[in-house]
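A.B. asks: Have a look at this one before I ask anything.
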Amino acid sequence: MADLVARFRDVFDDSGPVRVVRAPGRVNLIGEHTDYNGGFVMPMALDRAVRIALVPHDEPVVAIWSVQFDERAEFRLPSGLGTPLAGLRPPWPAAVPGGEAEPAGAPHWLRYPMKVAEVLAEAGIALRGFRAVVDGDVPVGSGLSSSAAYEVASALALLVAVRPDVPAAPAAALAEAHGLSAGRLAKLCQEAEHRVGVRCGIMDQFISLHGRAGHALVLDCRDLSFDAVPLPAQKAKVVVIDSGVKRRLSSGAYNERRGQCEEGAEHLREFDPAIRELRDVSLALFEAHADRLPEVVRRRCRHVITENARVLESAEAMKAGDLTRFGDLVNASHDSLRDDYEVSGPELDLLVEIARGVEGVFGSRLTGAGFGGCTVTLARPEAVEPLRAAVLARYEKETGLAPRIWVSEAAAGAAVEQ
Ligand code: ADP
Ligand code: MG
36 MADLVARFRD VFDDSGPVRV VRAPGRVNLI GEHTDYNGGF VMPMALDRAV
86 RIALVPHDEP VVAIWSVQFD ERAEFRLPSG LGTPLAGLRP PWPAAVPGGE
136 AEPAGAPHWL RYPMKVAEVL AEAGIALRGF RAVVDGDVPV GSGLSSSAAY
186 EVASALALLV AVRPDVPAAP AAALAEAHGL SAGRLAKLCQ EAEHRVGVRC
236 GIMDQFISLH GRAGHALVLD CRDLSFDAVP LPAQKAKVVV IDSGVKRRLS
286 SGAYNERRGQ CEEGAEHLRE FDPAIRELRD VSLALFEAHA DRLPEVVRRR
336 CRHVITENAR VLESAEAMKA GDLTRFGDLV NASHDSLRDD YEVSGPELDL
386 LVEIARGVEG VFGSRLTGAG FGGCTVTLAR PEAVEPLRAA VLARYEKETG
436 LAPRIWVSEA AAGAAVEQ
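In this text, residue positions in the sequence shown follow this note's numbering: the first is 36, and each later residue adds one.
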């Protein structure tokens, strides 16, 4: 955090009081592609986050230096691509990419805070400009939802800029100071991501805001009610392994799956008019009428419907301390994602296969939207090193990709840190 403030002072040569906000990425233990079907998920917040250091100013302009992309960009509030403002330009480091004073178009990463500002303005928040530095250690494009972390951090930065005197506190307190609940803020951030171009569900923004240290949340994505489930860290570790495959999930494949789910729900509504989305379809009803669905749609639906049941059962298993059962459900989730939802890939399948071969591993699956990204593995503490060794021995040799492996603790949700 000290580094980020120092970086801010470097970039902006500003000695004003710097505020820092933080929003974590997440790993989803089970419940994949259920969120946008009104179903259940079980994520935990990661001890990796996106941070923004900012100082508000009186121009209606948000100017951001991205450490990760090593470039700066700005936009005018509440929306609109930034035209450079005379007198606002801070002494930027000399090496602006391309050597140009002003990039021709806004970089992609600027779209997230722009869209967040847009939805907050529409929600009636009178916004104020700021200058900021953004940095993060959530790997970008690996399925750990750096995008949601960045949206939530952007929202907190915008809200802090309006109330620069708020104390350091969890995000909910800042949201409340603006008459918003944390759940509503999650929805606004989700809407922002839709406007960036991905029709994501609510899980990522919600867990980034509501994460609880040492716990996973079982979240009902329909009404946003949730239950915190303690993770027994002394009995099981959560190991995240990045396959190194940049998520090939074009928003196209993702949006296609969403469309197929909607199509399935529409067919099944014929048998029960109360069905709004796949969340409402019981396994019994599905099995009775599955033959009426087109083959691909049938498999997509089967994944979602069985996955919802697995989340609820795994929450019970975790609460009962039955990690073996939990692991079996995690394994079944992966197999369903691979065979029915078809969002895995050879690298993710290989990581899962390696993990399952290690003694003391409870279960392993792809996590996040799929098509690359990460796996999540639940393992006995003493199995972590053998797991690491097994992955290092085989994965790179067989794929040519360097895996990244780390054990993550469940962290607290987003906050104003300073
Ligand atoms: P994921 O959410 O799985 O990490 P996405 O493709 O949804 O992948 O989001 C990644 C995008 O989010 C990046 O391309 C970038 O535009 C933005 N982003 C994430 N983290 C940062 C950051 N620390 N600084 C600037 N932009 C970021
Ligand atoms: Mg994302």
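Beta carbons are placed, not taken as given, at the ideal position from N, Cα and C, and that holds for glycine.
Owing to the predicted nature of the structure, the values given are computational and were not obtained by experimental measurement.
Inspect the CB distances between the stretch 82 to 100 and the stretch 166 to 181 and report whether three or more fall short of 8 Å.
C.D. replies: Yes, since at least three Cβ pairs between the stretch 82 to 100 and the stretch 166 to 181 fall closer than 8 Å, the two stretches touch.
A.B. asks: May I ask whether a heavy atom of the ligand ADP can be found less than 8 Å away from the beta carbon of Pro265?
C.D. replies: no
A.B. asks: For the ligand ADP, any of its heavy atoms closer than 8 Å to the Cβ of Arg146?
C.D. replies: For the ligand ADP, at least one heavy atom lies less than 8 Å from the Cβ of Arg146.
A.B. asks: Leaving out five residues before and five after Arg314 in sequence, what residues of the same chain have Cβ atoms less than 7 Å from its Cβ?
C.D. replies: Asn72, Gly73, Gly74, Arg257 and Asn343
A.B. asks: Could you tell me whether any non-hydrogen atom of the ligand MG is closer than 8 Å to the CB of Ala248?
C.D. replies: Set against 8 Å, the gap from the CB of Ala248 to the closest heavy atom of the ligand MG is not smaller.
A.B. asks: What residues match up with Val90 in a beta bridge as DSSP calls it?
C.D. replies: Arg166
A.B. asks: Assign Gly214 to one of two classes, buried (16 or more other C-beta atoms within 10 Å of its C-beta) or exposed (fewer than that).
C.D. replies: Gly214 should be labelled exposed.
A.B. asks: Helix, strand or coil for Lys354? Go by DSSP, reduced to three states.
C.D. replies: helix
A.B. asks: For the alpha helix (DSSP H) containing Leu155, name the first residue and the last one.
C.D. replies: From DSSP, the alpha helix (DSSP H) with Leu155 extends over Arg146 to Glu157.
A.B. asks: Going by CA-CA distance only, name the one from Asp277, Phe406, Gly176 and Val274 that's closest to Ala288.
C.D. replies: Phe406
A.B. asks: Quickly, what does DSSP pair Asp258 with across the bridge? List them, please.
C.D. replies: Paired residue(s): none; Asp258 is not in a bridge.
A.B. asks: Taking the alpha helix (DSSP H) that Lys272 belongs to, which residues open and close that run?
C.D. replies: Not the alpha helix (DSSP H): Lys272 falls in the beta strand (DSSP E), residues Lys272 to Asp277.
A.B. asks: Looking at Val411: is its Cβ nearer than 9 Å to the Cβ of Leu401?
C.D. replies: yes
A.B. asks: For Gly133, count neighbouring C-beta atoms within 10 Å of its own C-beta (all shown protein chains included) and say buried if the count is 16 or more, exposed if not.
C.D. replies: Reliability of the predicted coordinates at Gly133 is poor, the pLDDT of 31 falling under 50, and no value is obtained from them.
A.B. asks: Does the Cβ of Gly236 lie closer than 8 Å to at least one heavy atom of the ligand ADP?
C.D. replies: no
A.B. asks: Which class does Thr359 belong to by DSSP, given the choice of helix, strand or coil?
C.D. replies: helix
A.B. asks: Taking 8 Å as the cut-off, does the CB of Val233 come closer than this to any heavy atom belonging to the ligand MG?
C.D. replies: yes
A.B. asks: Spatial neighbours of Ser349 within its chain, please: CB distance less than 6 Å, with the 5 preceding and 5 following residues excluded, ordered by chain position.
C.D. replies: Ile65, Phe361 and Leu364
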